[in-house]
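Participant: In the numbering used here, the protein residues as written are 1 to 719. First the structure, then my questions, so here it is.
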């Protein structure tokens, strides 16, 4: 990508065509991926399975028939099928219950949250249970109180503020109906409600006693989760309803450069210090009145804002910043709603968002909500992958753990562990002259978290990328630790120079790479996935498997010896007719000149599947490469990546002796990662961005620049 030549060339557009592939429809429907029956971890589910489906059906029907808060005849229940049912068998189960799938809740156990007919359940429970239900269903049950609320909520004294979430994934009309039922219930019980802006997402904030909560759970069919709001945050919310929303705009000031890209920093607030004042467009907050950075002596949001604007040692700003405060020292767990609200409010002003607030207790259904919002708004949320603190590192080392292997036991923290959030890990760029630094220069930081954790992200990498985030030093034989002189250079909330350590300070350094792309290409790149594909393509990764795709470089132009093609679009899934099924395939076509020795292909995507309740990778892409004149497929160097279930496909193509010159076609086809009914699958679309890097021979200096060579051969695209 780089050379001593100073010529710069912008990226080229690849040709993208839709190439639908028709084939006979298989008889008997589509079959689910092969799974074996696994024992339920929950002992209550194990016990329930042993009672048989007939008993479960009658008990579930009785429980649901006693509920009085519901919409007409609709009830919600959970069904777990036995291993490897065909789609026809699953549809027979749903038809028998007169039900639709609301969410796929457990991939391994084939669990579904369904919306069914109470009348149909009552009919089934009053006669012999159909054979296909007893043969194919393991569990049928209502949502239990234990799944809806925690024990501490049942034992609260007095009035507390809580969040009541209704069943997820309902359409707008159904959502309004159930929110209205909930509002009427709270009004009759004289419970004050808050957070009207969140009702469209399916939850209400309300004051309630334990008696009212118990009554609601006992009577309703549609409550999914109840969460307690910490007292400090509850007080902030109550105060914010009686005061106008806090906002401080800088519109009256002369900005240093009004044409710089905008970035929304959702963190602990930003102080209006002199160096940031000319680029601080706006300061606002989710529920807080105080807009300043209240995080310890150095602050958190302020040093991050400085890194976004100036990097570690820069003098000219690269972006204008909007500070949206989502975190207070009162309690950080409520920040998840702030993230959702911040993206809702500012997605029409920018597509670049960053946060370094970790939310370990973020509920899974809110992670899914955030993930969907990112996808639907076509924005990028860059988040810190999280850190180990000094006691955790010390414990790992004293118990025989070795660096960096011990990091794999500490997965990234929410919100970084969802498919569409870009998790940034930390690498070391300094070693101490006084102490023994644990990591070498460019090694993964001793505090950087690694891995996806418990959710179904398949082969997705977390963190996806790394940036400088400091090192950790061993200062004595007792394994006491510090980070003196090995941190990231920035300023504190008072504007004084400091050195800070943590992946919190890595995420702003990465978003600077996206800022560079936004500054150069702006609306010429439509899909955020394309910008991410460019970033992944620019990475060098010789660090460790805890570094994702590696450290991204600022990459906006190519040089004499390289060129980049870009392609982007949206592609649907299989369309099924009476006798045939049509699979949409996009062909990405490029011309490769004779002097090219390597092709690096990166495809990034997201999808709009909306029937999950936990963070899950729902789709991945097949990629097949062909060269004009060849009938066989061309395998990449890293063939193991071809079948990987991930939202980033990184493939490398090289020939040992033959010329790579030709028209190349990369056929991309979306797939699902787990069993999804055809009627749900055909509603999915996947948005993709693709970047393809061509690198020429090192001795081609006397030739034309590679980009110019391609442009002069444009007529070959019509071949």
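Note that beta-carbon positions come from the ideal geometry of N, C-alpha and C, so glycine has one too. Please read all numbers here as calculations on a predicted model, not as lab measurements.
Based on the DSSP secondary-structure assignment, which residues constitute the bridge partners of residue 383?
Facilitator: BP columns for residue 383 point to 355, 423.
Participant: Provide the residue(s) that pair with residue 788 in DSSP beta bridges, ordered along the chain.
Facilitator: Past the boundaries of the shown model lies residue 788; the chain is included only from 1 to 719, so the question cannot be answered.
Participant: For residue 601, which of 277, 590, 608 has the nearest alpha-carbon?
Facilitator: Comparing Cα positions, the closest option is 590.
Participant: Along the chain, where does the alpha helix (DSSP H) that runs through residue 338 open and close?
Facilitator: Here the alpha helix (DSSP H) through residue 338 covers 335-346.
Participant: With the cut-off set at 8 Å, would you say residue 616 and residue 638 are in Cβ contact?
Facilitator: Contact: no.
Participant: Identify every residue that forms a DSSP beta bridge with residue 428.
Facilitator: Note: residue 428 sits in no beta bridge, so no partner.
Participant: Alpha carbon to alpha carbon, what distance is there between residue 448 and residue 425?
Facilitator: Looking at the two C-alpha atoms, the distance is approximately 6 Å.
Participant: Is it right to say residue 147 is buried, meaning 16 or more other beta carbons lie within 10 angstroms of its own, or is it exposed?
Facilitator: By the neighbour-count rule (16 or more Cβ atoms within 10 Å), residue 147 is not buried but exposed.
Participant: In the DSSP assignment, find the unbroken beta strand (DSSP E) run with residue 602 in it and report its ends.
Facilitator: From DSSP, the beta strand (DSSP E) with residue 602 extends over 596-607.
Participant: Just checking, does the stretch 81-97 make contact with the stretch 127-135 on the three C-beta pairs under 8 Å criterion?
Facilitator: They touch, by the three-pair rule.
Participant: How would you call residue 52, buried or exposed, if buried means at least 16 neighbouring beta carbons within 10 angstroms?
Facilitator: Under this definition residue 52 is an exposed residue.
Participant: Going by C-alpha to C-alpha distance, which of 434, 423, 318 sits closest to residue 520?
Facilitator: If we check each option's Cα against that of residue 520, 318 comes out closest.
Participant: Using alpha carbons as the reference points, say which of 149, 59, 163, 113 lies closest to residue 125.
Facilitator: The residue with the shortest Cα to Cα distance from residue 125 is 59.
Participant: To the nearest angstrom, how far is it from the Cα of residue 369 to the Cα of residue 509?
Facilitator: In a straight line, the C-alpha of residue 369 is about 26 Å away from that of residue 509.
Participant: Just to confirm the assignment, what range does the alpha helix (DSSP H) spanning residue 510 have?
Facilitator: Looking at the DSSP string, the run of the alpha helix (DSSP H) that includes residue 510 is 507-521.
Participant: Can you tell me which of 281, 167, 539 puts its alpha carbon nearest to the alpha carbon of residue 365?
Facilitator: When only C-alpha atoms are compared, the closest one is 167.
Participant: I'd like the list of long-range same chain contacts for residue 263, defined as Cβ closer than 8 Å, with 5 residues on each side in sequence excluded.
Facilitator: So the list reads 308, 319, 320, 321, 322, 350, 352, 353, 354, 511, 515, once near-sequence residues are dropped.
Participant: Of the residues 67, 260, 292, 286, which one's Cα is nearest the Cα of residue 271?
Facilitator: The option with the nearest alpha carbon to residue 271 is 292.
Participant: What first and last residue would you give for the beta strand (DSSP E) that runs through residue 284?
Facilitator: That run of the beta strand (DSSP E) goes 280-285.
Participant: Please state whether DSSP places residue 90 in a helix, a strand or coil.
Facilitator: DSSP places residue 90 in helix when its eight states are reduced to three.
Participant: Out of 703, 623, 659, 490, state which residue places its alpha-carbon closest to the alpha-carbon of residue 643.
Facilitator: The option with the nearest alpha carbon to residue 643 is 623.
Participant: Between which residues of its own chain and residue 674 is the CB-CB distance below 6 Å, once the five residues before and five after are set aside?
Facilitator: Hits under 6 Å: 107.
Participant: Using the C-alpha atoms, what's the distance from residue 234 back to residue 143?
Facilitator: When rounded, the distance between both Cα atoms is 27 Å.
Participant: First and last residue of the alpha helix (DSSP H) that includes residue 721?
Facilitator: For residue 721 there is no data in the structure shown, the boundaries of the chain being 1 and 719.
Participant: With the cut-off set at 8 Å, would you say residue 384 and residue 504 are in Cβ contact?
Facilitator: The answer is yes: Cβ separation under 8 Å.
Participant: Near residue 557, which residues of its chain fall below 7 Å by C-beta distance, leaving aside the five closest residues on each side in sequence?
Facilitator: 8, 9, 10, listed in sequence order.
Participant: With distances taken between CB atoms, is the gap from residue 548 to residue 463 smaller than 8 Å?
Facilitator: Yes, the pair counts as a contact, with Cβ atoms nearer than the cut-off.
Participant: If you compare alpha carbons, which of 238, 460, 329, 376 is closest to residue 347?
Facilitator: Selected option, being the one with the closest Cα: 376.
Participant: Going by other Cβ atoms of all chains shown within 10 Å of its Cβ, with 16 needed for buried, is residue 43 buried or exposed?
Facilitator: Exposed: under 16 other Cβ atoms inside 10 Å.
Participant: Between which two residues does the beta strand (DSSP E) harbouring residue 621 extend?
Facilitator: That run of the beta strand (DSSP E) goes 619-627.
Participant: Rank 537, 573, 527, 595 by C-alpha distance to the C-alpha of residue 560 and give the top, closest one.
Facilitator: Answer by Cα proximity: 595.
Participant: Does chain D have any CB closer than 8 Å to the CB of residue 709?
Facilitator: As a matter of chain content, chain D is missing from the structure shown, which is built from one protein chain.
Participant: Quick one: is residue 654 buried, meaning 16 or more other Cβ sit within 10 Å of its Cβ, or exposed?
Facilitator: Exposed, since its Cβ has fewer than 16 Cβ neighbours within 10 Å.
Participant: For the putative contact between residue 472 and residue 534, defined by C-beta atoms under 8 Å, what is the C-beta separation to the nearest angstrom?
Facilitator: With 8 Å as the limit, residue 472 and residue 534 do not qualify as a contact, their Cβ atoms being about 32 Å apart.
Participant: For the alpha helix (DSSP H) containing residue 587, name the first residue and the last one.
Facilitator: Counting along the chain, residue 587 falls outside any alpha helix (DSSP H), though it belongs to the beta strand (DSSP E) covering 586-592.
Participant: To the nearest angstrom, report how far apart residue 56 and residue 237 are at their CA atoms.
Facilitator: Going from the Cα of residue 56 to the Cα of residue 237 covers about 42 Å.
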